[in-house]
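**Student:** For the record, in the sequence shown the residue sitting at position 437 is 437 according to full-length UniProt numbering, with numbers rising by one throughout. I'd like to ask you about the structure that follows.
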Amino acid sequence: MASIVTSSAIINFINNHQFIDTTIGKQVYDSSIEEKCNVNDLQEIVNNILRGVFPLVDESHEKVSNDISQTIISSEISRVIHEIRSQMACKAERGRDAEERLRGIFSTLSSYRWTTQLLLVLAAFAQQYGEFWYISKDPSEGGNALLKGLSSLKKKLISDKKAEKEVPLNEVVVDLLDWTNSLVNLEKLVTQHRGKRVPILAEAFRTMPKWSCQAIIAIVAAGDYFAWLMDDDKSAEPLELHTLASSVLALLWDCKREIDRIDRIDRMKEYHKYVEKVKATGDIVDFLNSLLTAKDSFQDPIVTGPNDKPVRFELFSKKSVLLIISHLKISMDDIETLRIIYEDPQRLRKSPKEDDQEDSNNPIQTEKETLYELVWIPIVDGRLKDWEALPNLKSLMPWAYRVDPQRMNTWAPKYIKEEWHFKRETMVVVLDSHGRVENTDAMPMLRIWGTNAFPYTGNEFTHPWMGIWSWVQLVLRELVVQHGTSDAAKDEYILFWGPPAVEVAAADAGGGVPSIREIPIEDMRRFRTLLRSCLICRLQAVQILKIESNPLRDRMVYEMSEAYKACQRGGVAILTKGPDLQVQHVGLLSDIEMATEQVAEFWWTALAEGFEKKYKDAQGQSMCLHAYVPHYTDLEDLYCPVCGRFMRYDLCLMCCHSDSD
């Protein structure tokens, strides 16, 4: 075999702007010739060939089904591909100049669109590359002796010394296919928006000829390298393979970044249209349809009822809806809270039948009317390869209406995250019968008050904190009931503390003096969740009900903030007094140890006095207040009560398994 012309000169043309500009200027597009080439069919054939070859060369690539393509390329296009293959391989062996070879290839292609030129060149390379590896590694099952003989011969073409280059070259071909597909898809995207005044698309349209030229040059260089692998002489390696690989990869990523940029702009326009449509609805049925139903399934129900039958959104007409939004790993505590809301008798009311008239002999008949329905929207992050791996949604909340996460509008999760600020924790969005949002997130309220928060709107007329509540009783209600603290004497102190792994020395004053009872908080995870929810509810109440001009001056907010801070730092101690659990001290577990060391007798009273002084100092001190509060939807800006400066939310990084911020 004749010595092959080195392709180092070929790869150098990839950044030769003068050559590329001259080549672009000589192209004479002819639509009548372009029409003879079906680009989609050609792209499919090239992809099938190369994706079938990749695992033959490198087993790390996933094997694809090797079905015989039913697509037939026209004889004219086949002749063009054959001519390009000849220019890439045979003419290279005759010692033609690199520039002359490239100009010959571009001259053959000059009547076609740029991406069509690219596909034709890759098709010529794929024909040679695929032919070699299919015969060498994968002769058809049941093949005759001729195929097996060809396979045996082909295996000996690449020497053992050169065999180590097979996989690296294969990776370059993988990138070349990816690059070609990216450019073809970009061409389709530009064509789709032709006529629109989009500067970024115009810029991409101007860049495509250059990228296509560079990709064609890279394919020719890869073809030369493959020819060198099969050459039986000891000629020098035509170029360092990593030079070709790095050039291809860099240009591939440039192209992909541009496509991503265009795609993001295009998708954002589509998303804004979606948002406008959702916000323009006038009733609950239109709102749910616009929010959740995909264009291609507008007539196909995507909601399943408790009886496992599909239902349409018309079922919710003239009703309020509680949208339960969560990840699939919703906590059992939240599920139980929502079940209680579902079973609340207030959800149903009696109303007269329309066809009944009241008279003395025939009293009006009544029927139950549902005031609100619970609809669960599971948010699935990422793309699951096997949707059958999803848990049985019915088993989690069998009493709720369930939206199919596979079939709902793909924009819905983005809208829920951006407009309603859904992150990780379960949230409940309360909608009235007109589709208006009455409460962006009622879940903290439901955790704390349950059905006492009905109708769950949380406005100035319905907020449950209009009554008298102790936050300790709300957050620790299970312990309060379990230990019967309502029977405590007026002067009895009760210490709640956790986590229980930390021991606190018990103390008994004796002699008829005030005593102290200690109650460990066993479930710190639930305590943190309820504390956070209660603190959010109180912050909302202070702002909505105008209890204080600044929420941070509110006594309950201060106490819960101290507990929230202590939870972040490892352990909390809450000292209360009497049956109504009046808060005497909130702080770290270490505060108790310090108090017992300093005051051996009646340390709890000294602790209470110290906390009261600390609270007053915090409200009147000249230095800025340091408060721990969680961030949540609709939280207004907070300002230091002392200096008036804006306060950042003091959040602590926690393990991803924690429910708190």
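Glycine included, each C-beta is placed from N, C-alpha and C at the ideal position. Just so you know, these numbers come straight off a predicted model, no measurement behind them.
Quick one: what does DSSP say V428 is sitting in, helix, strand or coil?
**Tutor:** Correct three-state label for V428: strand.
**Student:** Hey, quick one: how far does the alpha helix (DSSP H) through residue 668 stretch, first residue to last?
**Tutor:** Residue 668 cannot be examined here, being either before or after the span of the chain that is shown, 1 to 661.
**Student:** For the beta strand (DSSP E) containing Y372, name the first residue and the last one.
**Tutor:** Segment 372–378, the beta strand (DSSP E) holding Y372.
**Student:** Could you tell me the alpha carbon to alpha carbon distance between F13 and I84, rounded to whole angstroms?
**Tutor:** Those two C-alpha atoms are separated by around 18 Å.
**Student:** From what residue to what residue does the alpha helix (DSSP H) around W211 run?
**Tutor:** It spans 199–230 - the alpha helix (DSSP H) in which W211 sits, taken as one unbroken run.
**Student:** Can you tell me the Cα-Cα spacing of G510 and Y564, whole angstroms?
**Tutor:** Summary for G510: the model assigns pLDDT 38, below 50, so the residue's position carries little reliability, and this model does not support an answer.
**Student:** For W465, does the three-state DSSP call read helix, strand or coil?
**Tutor:** In this structure, W465 counts as helix in the three-state DSSP scheme.
**Student:** Give me, in chain order, the residues of the same chain whose beta-carbon lies closer than 7 Å to that of P413; leave out the 5 immediate sequence neighbours on both sides.
**Tutor:** Correct list, in chain order: I379.
**Student:** With DSSP run on the structure shown, which of helix, strand or coil describes D386?
**Tutor:** Legend: pLDDT at D386 = 42, less than 50; position of this residue unreliable, value from coordinates given subsequently. Residue state, collapsed to three classes: coil.
**Student:** According to the neighbour-count rule (16 or more other Cβ atoms, all chains shown, within 10 Å of its Cβ), is F461 buried or exposed?
**Tutor:** It counts as exposed.
**Student:** Would you grab the beta carbon distance between W420 and V429 for me? Rounded to a whole angstrom, and I think it's under 8 Å.
**Tutor:** Sure, about 6 Å apart at Cβ, within 8 Å.
**Student:** Buried or exposed: where does Q214 fall if 16 or more other Cβ atoms within 10 Å of its Cβ makes it buried?
**Tutor:** Buried: at least 16 other Cβ atoms inside 10 Å.
**Student:** Thinking C-alpha only, which one of Y134, P199, P209, T115 is nearest F19?
**Tutor:** The residue with the shortest Cα to Cα distance from F19 is P209.
**Student:** Among the residues of its own chain, which have a CB less than 7 Å from the CB of T485, if the five just before and after it don't count?
**Tutor:** Contacts found: I494, P579, L581.
**Student:** Where do the N-terminal and C-terminal ends of the alpha helix (DSSP H) with A563 fall, by residue?
**Tutor:** Run containing A563: 555–568, per the alpha helix (DSSP H) assignment.
**Student:** Compute the beta-carbon to beta-carbon distance between W376 and Y342, rounded to the nearest angstrom, for a pair I have assumed lies under 8 Å.
**Tutor:** Contact doesn't hold; Cβ gap of about 11 Å is too wide.
**Student:** Are the region 430–437 and the region 514–529 in contact at 8 Å, needing three or more beta carbon pairs?
**Tutor:** Too few Cβ pairs lie closer than 8 Å, so no.
**Student:** Rank P55, L119, E609, S590 by C-alpha distance to the C-alpha of K577 and give the top, closest one.
**Tutor:** It is E609.
**Student:** In chain order, which continuous runs of the alpha helix (DSSP H) of length 4 or greater are located wholly inside the region 298–349?
**Tutor:** With a minimum length of 4 residues, the continuous alpha helix (DSSP H) runs that stay inside the region 298–349 are 332–342.
**Student:** Alpha carbon to alpha carbon, what distance is there between I262 and M268?
**Tutor:** Distance between the alpha carbons of M268 and I262 is about 10 Å.
**Student:** With distances taken between CB atoms, is the gap from E522 to W497 smaller than 8 Å?
**Tutor:** Contact flag unset, no.
**Student:** Start and end of the alpha helix (DSSP H) containing Q43?
**Tutor:** Residues 39–57.
**Student:** Just the Cα atoms here: how many angstroms apart are D381 and Y415?
**Tutor:** Each residue's alpha carbon lies about 14 Å from the other.
**Student:** What do you reckon, are the CB atoms on T108 and Q87 nearer than 8 Å?
**Tutor:** Contact: yes.
**Student:** DSSP three-state label for K36, please.
**Tutor:** Coil, per DSSP.
**Student:** Where E276 and E373 are concerned, what is the direct C-alpha to C-alpha distance, given to the nearest angstrom?
**Tutor:** When rounded, the distance between both Cα atoms is 25 Å.
**Student:** Under the three-state reduction of DSSP, which class applies to I11: helix, strand or coil?
**Tutor:** I11 falls in the helix class under three-state DSSP.
**Student:** Do the region 463–477 and the region 535–548 touch if we need at least three Cβ pairs shorter than 8 Å?
**Tutor:** Contact holds: three or more Cβ-Cβ distances are below 8 Å.
**Student:** Which term fits M560, buried or exposed, when burial requires 16 or more other beta carbons within 10 angstroms of its beta carbon?
**Tutor:** Burial call: buried.
**Student:** Distance, Cα to Cα, S74 vs G130?
**Tutor:** In a straight line, the C-alpha of S74 is about 20 Å away from that of G130.
**Student:** Is G52 buried or exposed, if buried means 16 or more other CB atoms sit within 10 Å of its CB?
**Tutor:** Buried, because 16 or more other Cβ atoms sit within 10 Å of the Cβ of G52.
**Student:** Where does M408 fall in DSSP's three states?
**Tutor:** Three-state result, M408: strand.
**Student:** Count the other CB atoms within 10 Å of the CB of R532; is the residue buried (16 or more) or exposed (fewer)?
**Tutor:** Answer is buried; the Cβ neighbour count reaches 16.
**Student:** Does the count of Cβ pairs from the region 304–317 and the region 273–290 closer than 8 Å reach three?
**Tutor:** Yes, the region 304–317 is in contact with the region 273–290.
**Student:** Relative to the C-alpha of V472, which residue among G458, V572, N439 is closest?
**Tutor:** Comparing Cα positions, the closest option is V572.
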